[in-house]
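In our numbering, the protein residues as written are 7 to 264.
Single-structure report; data block below.
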């Protein structure tokens, strides 16, 4: 009888531990853009946004993160169907079964033109009559009246590969490109390695855009928010923002503390 009692107590103890600890065996599936450095860098599974996400979950004892790279539109569909747990980019609309986390960081979308064209762009309306190349799904991410203004442009296209935006601008194939400021600077540095960079003007005509992560599970969202708060308090968040995502991913924990 005594042995049976001991076995029963062991069973209850083990079961209690399983219920109280987060399930780290099943991977958390994250949908991320395939081309958004320095925020997301597919080649190294790193980048500012991914490192913030991983660090926040790690502080909660969760390390099994599975990143799937896809377009913003596909990520939106996959999240709404529950095929992924998290989407890093999602249009700012109210959708059932999609829960918005606290703010990871802020994007600053900008319009960029070549200086020799002498374009006066002080507002979204000043884009009228110009050829514009924007990032994919820009009309759903950029605030009004951008979407309506696209109807009065000389031409308007969106691309997944944002490296092509810098190339098209420098070759004079379009009047204006629209993309996030850090993304532009990242691809500009890359472009400099093989081609001449012409003088350009950055037109800050859009508002800063808070960027949360979007979750299919409210519980998982709450877990992430706790972790995000912890890494902000510890200073780890500031280290990620300060460094390129690849550089941060290569640092060891002792180096982070120095």
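Note that beta-carbon positions come from the ideal geometry of N, C-alpha and C, so glycine has one too.
*Are the beta-carbon atoms of residue 114 and residue 186 separated by less than 9 Å?*
Taking the chain shown and counting its residues from 1, one reaches residue 114 at position 108. Taking the chain shown and counting its residues from 1, one reaches residue 186 at position 180. Yes, the pair counts as a contact, with Cβ atoms nearer than the cut-off.
*Rounded C-alpha distance that separates residue 101 from residue 86*: One-based indexing of the chain shown puts residue 101 at position 95. One-based indexing of the chain shown puts residue 86 at position 80. So the alpha carbons of these two residues sit roughly 8 Å apart.
*Within this structure, are the beta carbons of residue 137 and residue 159 separated by less than 9 Å?*
Translated into positions along the chain shown, residue 137 becomes position 131. Translated into positions along the chain shown, residue 159 becomes position 153. Against a cut-off of 9 Å, the Cβ pair of residue 159 and residue 137 comes out as a contact.
*asked:* Could you compute how far the alpha carbon of residue 220 sits from the alpha carbon of residue 246?
replied: Numbered from its first residue, the chain shown carries residue 220 at position 214. Numbered from its first residue, the chain shown carries residue 246 at position 240. So the alpha carbons of these two residues sit roughly 20 Å apart.
*asked:* I need the DSSP call for residue 125, collapsed to helix, strand or coil.
replied: Working through the chain shown from its first residue, we reach residue 125 at position 119. Coil, per DSSP.
*Straight-line CA distance for residue 56 to residue 81?*
For the purposes of this step, residue 56 is taken as residue 50 along the chain shown, with counting starting at 1. For the purposes of this step, residue 81 is taken as residue 75 along the chain shown, with counting starting at 1. Answer to the nearest angstrom: the Cα atoms are 15 Å apart.
*Only counting runs of 4 or more residues, tell me where the alpha helix (DSSP H) segments fall wholly within the region 136–213, in order along the chain.*
144–147, 152–155, 169–176 and 187–198
_Closest to residue 176 by C-alpha separation, out of 112, 161, 205 and 144, would be which residue?_
Residue numbering aside, residue 176 sits at position 170 when the chain shown is read from its first letter. Comparing Cα positions, the closest option is 205.
*Start-to-end residues for the beta strand (DSSP E) that takes in residue 221*: Locating residue 221 in the chain shown gives position 215, where the first residue counts as 1. From DSSP, the beta strand (DSSP E) with residue 221 extends over 215–221.
*Can you grab the Cα-Cα spacing for the pair residue 156 / residue 234, in whole Å?*
Within the chain shown, residue 156 is the residue found at index 150, counting from 1. Within the chain shown, residue 234 is the residue found at index 228, counting from 1. If I take the Cα positions, the gap works out to 37 Å.
*Would you report the Cα separation of residue 153 and residue 128, rounded to the nearest angstrom?*
For the purposes of this step, residue 153 is taken as the residue at position 147 of the chain shown. For the purposes of this step, residue 128 is taken as the residue at position 122 of the chain shown. Cα-Cα distance, rounded: 17 Å.
*In whole angstroms, what is the alpha-carbon distance linking residue 213 and residue 148?*
For the purposes of this step, residue 213 is taken as the residue at position 207 of the chain shown. For the purposes of this step, residue 148 is taken as the residue at position 142 of the chain shown. Whole-angstrom Cα-Cα distance: 8 Å.
*Compute the Euclidean distance between the alpha carbons of residue 178 and residue 172, then round it to the nearest angstrom.*
Locating residue 178 in the chain shown gives position 172, where the first residue counts as 1. Locating residue 172 in the chain shown gives position 166, where the first residue counts as 1. Roughly 10 Å between the two C-alpha positions.
*DSSP state of residue 91 mapped onto helix, strand, coil*: Start at 1 with the first residue of the chain shown, and residue 91 comes out as number 85. If DSSP states are grouped into helix, strand and coil, residue 91 belongs with coil.
*Quick one: measure Cβ to Cβ for residue 73 and residue 38, integer angstroms, because I've assumed they're closer than 8 Å.*
Taking the chain shown and counting its residues from 1, one reaches residue 73 at position 67. Taking the chain shown and counting its residues from 1, one reaches residue 38 at position 32. About 6 Å; that satisfies the 8 Å criterion.
*For the beta strand (DSSP E) that contains residue 41, what are its first and last residues?*
Here the question's residue 41 lines up with position 35 in the chain shown. Where residue 41 is concerned, there is no enclosing beta strand (DSSP E), given that its DSSP letter is neither H nor E.
*Do residue 42 and residue 244 come within 9 Å of each other at the CB atom, strictly closer than that value?*
Taking the first residue of the chain shown as 1, we reach residue 244 at position 238. Taking the first residue of the chain shown as 1, we reach residue 42 at position 36. It is not a contact, given that the beta carbons lie outside the stated cut-off.
*Where do the N-terminal and C-terminal ends of the alpha helix (DSSP H) with residue 64 fall, by residue?*
Here residue 64 is taken as the residue at index 58 of the chain shown, counted from 1. First-last of the alpha helix (DSSP H) with residue 64: 54–64.
*Quick one: what's got a C-beta closer than 6 Å to residue 112's C-beta in the same chain, skipping five residues either side?*
If you number the chain shown from 1, residue 112 lands on position 106. The residues are 214 and 216.
_residue 95 burial status per 10 Å Cβ neighbour count (16 or more: buried)_ = Along the chain shown, one-based indexing puts residue 95 at 89. Counting Cβ neighbours within 10 Å, residue 95 comes out buried, since at least 16 surround it.
*Who are the Cβ neighbours of residue 58 in its own chain at under 6 Å, not counting the five residues just before and after it?*
Taking the first residue of the chain shown as position 1, residue 58 is located at position 52. Here the set comprises 110 and 246.
_Beta-carbon gap between residue 218 and residue 108 smaller than 9 Å_ = The sequence position of residue 218 within the chain shown is 212, counting from 1. The sequence position of residue 108 within the chain shown is 102, counting from 1. Yes, these two residues count as a Cβ contact at 9 Å.
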